[in-house]
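In what follows, a single structure is set out as structure tokens and then discussed.
2 protein chains.
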Amino acid sequence: MINITLKQLRYFEALARHGHFGKAAEACAISQPALSMQIKEMEEVLGATLFERGGRQIRLTHFGEIAADRARDILRSAEELGDLARASRDRLVGRLRIGVIPTIAPYLLPSVVGALTKSYPELDIHVRETVTPKLIDELDDGRLDTAIVALPVSEATLAETALFSERFVLVRSAREANAPLPNADSLREMRLLLLEEGHCFRDQALSFCNLQSGPPREVLDASSLSTLVQMVSAGMGVTLIPEMAVPVETRSASVAISRFEAPEPTRTIGMVWRRRSPLAGQLAEIAEIVRRSAEGLTALREQPAIS
Amino acid sequence: MINITLKQLRYFEALARHGHFGKAAEACAISQPALSMQIKEMEEVLGATLFERGGRQIRLTHFGEIAADRARDILRSAEELGDLARASRDRLVGRLRIGVIPTIAPYLLPSVVGALTKSYPELDIHVRETVTPKLIDELDDGRLDTAIVALPVSEATLAETALFSERFVLVRSAREANAPLPNADSLREMRLLLLEEGHCFRDQALSFCNLQSGPPREVLDASSLSTLVQMVSAGMGVTLIPEMAVPVETRSASVAISRFEAPEPTRTIGMVWRRRSPLAGQLAEIAEIVRRSAEGLTALREQPAIS
DNA sequence: AAGTTCAATAAGTTCATCTTATGATCAATA
DNA sequence: TATTGATCATAAGATGAACTTATTGAACTT
Chain R
436 MINITLKQLR YFEALARHGH FGKAAEACAI SQPALSMQIK EMEEVLGATL FERGGRQIRL
496 THFGEIAADR ARDILRSAEE LGDLARASRD RLVGRLRIGV IPTIAPYLLP SVVGALTKSY
556 PELDIHVRET VTPKLIDELD DGRLDTAIVA LPVSEATLAE TALFSERFVL VRSAREANAP
616 LPNADSLREM RLLLLEEGHC FRDQALSFCN LQSGPPREVL DASSLSTLVQ MVSAGMGVTL
676 IPEMAVPVET RSASVAISRF EAPEPTRTIG MVWRRRSPLA GQLAEIAEIV RRSAEGLTAL
736 REQPAIS
Chain X
436 MINITLKQLR YFEALARHGH FGKAAEACAI SQPALSMQIK EMEEVLGATL FERGGRQIRL
496 THFGEIAADR ARDILRSAEE LGDLARASRD RLVGRLRIGV IPTIAPYLLP SVVGALTKSY
556 PELDIHVRET VTPKLIDELD DGRLDTAIVA LPVSEATLAE TALFSERFVL VRSAREANAP
616 LPNADSLREM RLLLLEEGHC FRDQALSFCN LQSGPPREVL DASSLSTLVQ MVSAGMGVTL
676 IPEMAVPVET RSASVAISRF EAPEPTRTIG MVWRRRSPLA GQLAEIAEIV RRSAEGLTAL
736 REQPAIS
């Protein structure tokens, strides 16, 4: 291992440029002997002469010229490391890997990504959409910087902040639009369509039903809210969806949306990240941006409740 | 100016690789606190976090990954600087800029360049052919590494070593081949063709004539020995050429070559270089190679002297 | 031959870096 | 829940590298 120092390279570069020990030393803000010694040291370590010392002037040897080029390369590269650091601390920059659960992603992301790129133009946003357990794993491994999931997560290593809470609404086929609103009990008697295993929304919907009484009579699993709504539209049953999904999912389906009577089922969506993440401070900022983006979306859902 | 050190980069790289302070410290042959401190110092200087310190494991931040890449770049580049140095000191390598006077170059260079590339395959030989004063200037400026000229040069800054000495021979037109050999005196009466001003060979030839008596009656200048011989062949006069030029220059000309009687005119050809040149040692080796190449050429000229 | 310029050397001081020892934090386990 | 083990941070003292000023030495100039 060669044991030259960046300091030596700096001195060397200065000497190569000035061709004069005194001037180079002055440029480096050190004394002439200090520079002489470091150059000598460098020549000894390299085992090669860098300068040809003539009485009046010094000149780079051929190897010295090669070395000077290389030294400039190295010094520039080191400077750039400093630049990179500065860029990454002044404002959020580089990559932000954000995980979102599937029952939020399609409705929240468009406005969130827009708001983020507006606030942090140099941010390279990577999105991962999958179920909560995987998101938490990836967060723990450092494969994600943050995740938007339903709270609570209750991992000691993770910080969490609430973003908003959203209601669940009932989706029935259009011809049942005027039928009486079922309560949790009567939902059990209907054909309830739910997301497949793994989705937290499935558990949340089920827990609402089970809150009052046993499990529903029959359950059919789908892999997305979109599919669920299409199934409902085809008369295969009823389902629950988060209110935020309503505008998108009911646009092309003939279904009726109904809010439940109090106590309405809701869930809290929040953002989580590793407590120790150096991005922690900036993630709190980002949470605020997400919160404001979501406000726009939740304002949208003020449709009259079917009571 | 960013004040990180290569040492810090080495420690950082080790830590990035091992993901463990203790192991990285061991790999660097230092104590764990020493490594901790240097990493901390580096983070402070850069103003950015490099590692996310979890209780059980540490992980590079995003910036840390970028920095690690950059650090590896820099370290590799520094290692290569050492390699370059090693390569350049083990054997002569790279560029050798060699100057040769015009009355030697065409006859000596073919065998010398061949011998040099055989001995130093990685040597990149640059040849400069011009008159002695220019060669000496360029040598002094560092634009040449060495020069082959007629001795003595007598520059205090330059080292010189004799390579060989060569006779001057008389060139007459073929039909004068059997005429009596002129002595220096009678040369003055003939039309003597010489090289133009500036060539040392001109001065050497003149000094031979003047040695015994005044300047020659008439002088015509040519710019190369080849031209001189062609002029002689055309019956325009006589000339002197160095013996080494005979095989090449008389091949296609109908001229007669005659050696002078003792004391024969000769000159000593030698090699010169800056005393302080770091190549000094290797230039002495090169001189030896040139010497041996020239031996082949001087053996060639053992033609019977016309007495 | 004397003076000037410039780099190398010498001697002493300062400051950075290392070491050992200890403390703090977190995770795993009884 | 307290304990233990692992891991990194901190503290304090020791070492050594790098710097300073002063001086010498060599080469070029006048």
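Residue numbers (my numbering), protein chains in the order written: chain R, 436 to 742; chain X, 436 to 742.
Note that beta-carbon positions come from the ideal geometry of N, C-alpha and C, so glycine has one too.
Owing to the predicted nature of the structure, the values given are computational and were not obtained by experimental measurement.
Please classify residue i: does DSSP put it in a helix, a strand, or coil?
{"i": "L485 of chain R", "result": "coil"}
{"i": "G499 of chain X", "result": "helix"}
{"i": "L714 of chain X", "result": "coil"}
{"i": "L586 of chain R", "result": "strand"}
{"i": "D656 of chain R", "result": "strand"}
{"i": "G705 of chain X", "result": "strand"}
{"i": "T379 of chain X", "result": "Given a span of 436 to 742 for chain X in the structure shown, any question on residue 379 of chain X remains unanswerable."}
{"i": "P541 of chain R", "result": "helix"}
{"i": "H453 of chain X", "result": "helix"}
{"i": "T440 of chain R", "result": "coil"}
{"i": "I724 of chain R", "result": "helix"}
{"i": "S661 of chain X", "result": "helix"}
{"i": "S693 of chain X", "result": "strand"}
{"i": "L579 of chain X", "result": "coil"}
{"i": "E557 of chain X", "result": "coil"}
{"i": "I474 of chain X", "result": "helix"}
{"i": "V480 of chain R", "result": "helix"}
{"i": "V547 of chain R", "result": "helix"}
{"i": "T674 of chain X", "result": "strand"}
Using the Cβ count rule (16 or more neighbours within 10 Å means buried), how would you classify residue i?
{"i": "T552 of chain X", "result": "exposed"}
{"i": "H561 of chain X", "result": "exposed"}
{"i": "E632 of chain X", "result": "exposed"}
{"i": "Q492 of chain X", "result": "exposed"}
{"i": "P545 of chain R", "result": "exposed"}
{"i": "T685 of chain X", "result": "buried"}
{"i": "R694 of chain X", "result": "buried"}
{"i": "D580 of chain X", "result": "buried"}
{"i": "E478 of chain R", "result": "buried"}
{"i": "T703 of chain X", "result": "exposed"}
{"i": "G670 of chain R", "result": "exposed"}
{"i": "S687 of chain X", "result": "exposed"}
Would you please verify whether the beta carbon of residue i is less than 9 Å from any beta carbon of chain X?
{"i": "T552 of chain R", "result": "no"}
{"i": "G517 of chain R", "result": "yes"}
{"i": "E557 of chain R", "result": "no"}
{"i": "A451 of chain R", "result": "no"}
{"i": "P713 of chain R", "result": "yes"}
{"i": "L481 of chain R", "result": "yes"}
{"i": "I724 of chain R", "result": "no"}
{"i": "S523 of chain R", "result": "yes"}
{"i": "S512 of chain R", "result": "yes"}
{"i": "I533 of chain R", "result": "no"}
{"i": "Q476 of chain R", "result": "Residue identity differs from the one stated: residue 476 of chain R is Glu in this sequence, not Gln. No, E476 of chain R does not count as interfacial toward chain X."}
{"i": "A697 of chain R", "result": "no"}
{"i": "E564 of chain R", "result": "no"}
{"i": "L718 of chain R", "result": "no"}
{"i": "E487 of chain R", "result": "yes"}
{"i": "L743 of chain R", "result": "Beyond the ends of chain R as shown, which are 436 and 742, falls residue 743 of chain R; an answer cannot be given."}
{"i": "I560 of chain R", "result": "no"}
{"i": "A469 of chain R", "result": "no"}
Please decide whether residue i counts as near chain R, where near means a Cβ-Cβ distance under 9 Å.
{"i": "F498 of chain X", "result": "yes"}
{"i": "D508 of chain X", "result": "yes"}
{"i": "Q738 of chain X", "result": "Confidence in Q738 of chain X is poor, its pLDDT being 46 and thus under 50, which makes the residue's placement too unreliable to answer from."}
{"i": "T581 of chain X", "result": "no"}
{"i": "A462 of chain X", "result": "no"}
{"i": "M472 of chain X", "result": "no"}
{"i": "L441 of chain X", "result": "yes"}
{"i": "A520 of chain X", "result": "yes"}
{"i": "I465 of chain X", "result": "no"}
{"i": "R505 of chain X", "result": "yes"}
{"i": "G529 of chain X", "result": "yes"}
{"i": "I721 of chain X", "result": "no"}
Pop quiz: residue i and residue j are said to be a contact at Cβ under 8 Å. What is the actual Cβ separation, rounded to whole angstroms?
{"i": "F636 of chain R", "j": "P677 of chain R", "result": "7 Å"}
{"i": "A715 of chain R", "j": "A594 of chain R", "result": "7 Å"}
{"i": "A691 of chain X", "j": "A612 of chain X", "result": "3 Å"}
{"i": "S661 of chain X", "j": "A609 of chain X", "result": "Rounded, the Cβ-Cβ distance is 17 Å, inconsistent with contact."}
{"i": "I603 of chain R", "j": "A657 of chain R", "result": "Before going further, note that residue 603 of chain R is Phe rather than Ile in the sequence given. In fact, because the Cβ distance is near 16 Å, the residues do not count as touching under 8 Å."}
{"i": "I501 of chain X", "j": "L519 of chain R", "result": "6 Å"}
- Ranges of the alpha helix (DSSP H) found wholly within the region 589 to 627 of chain X, counting only runs of at least 4: 619 to 624
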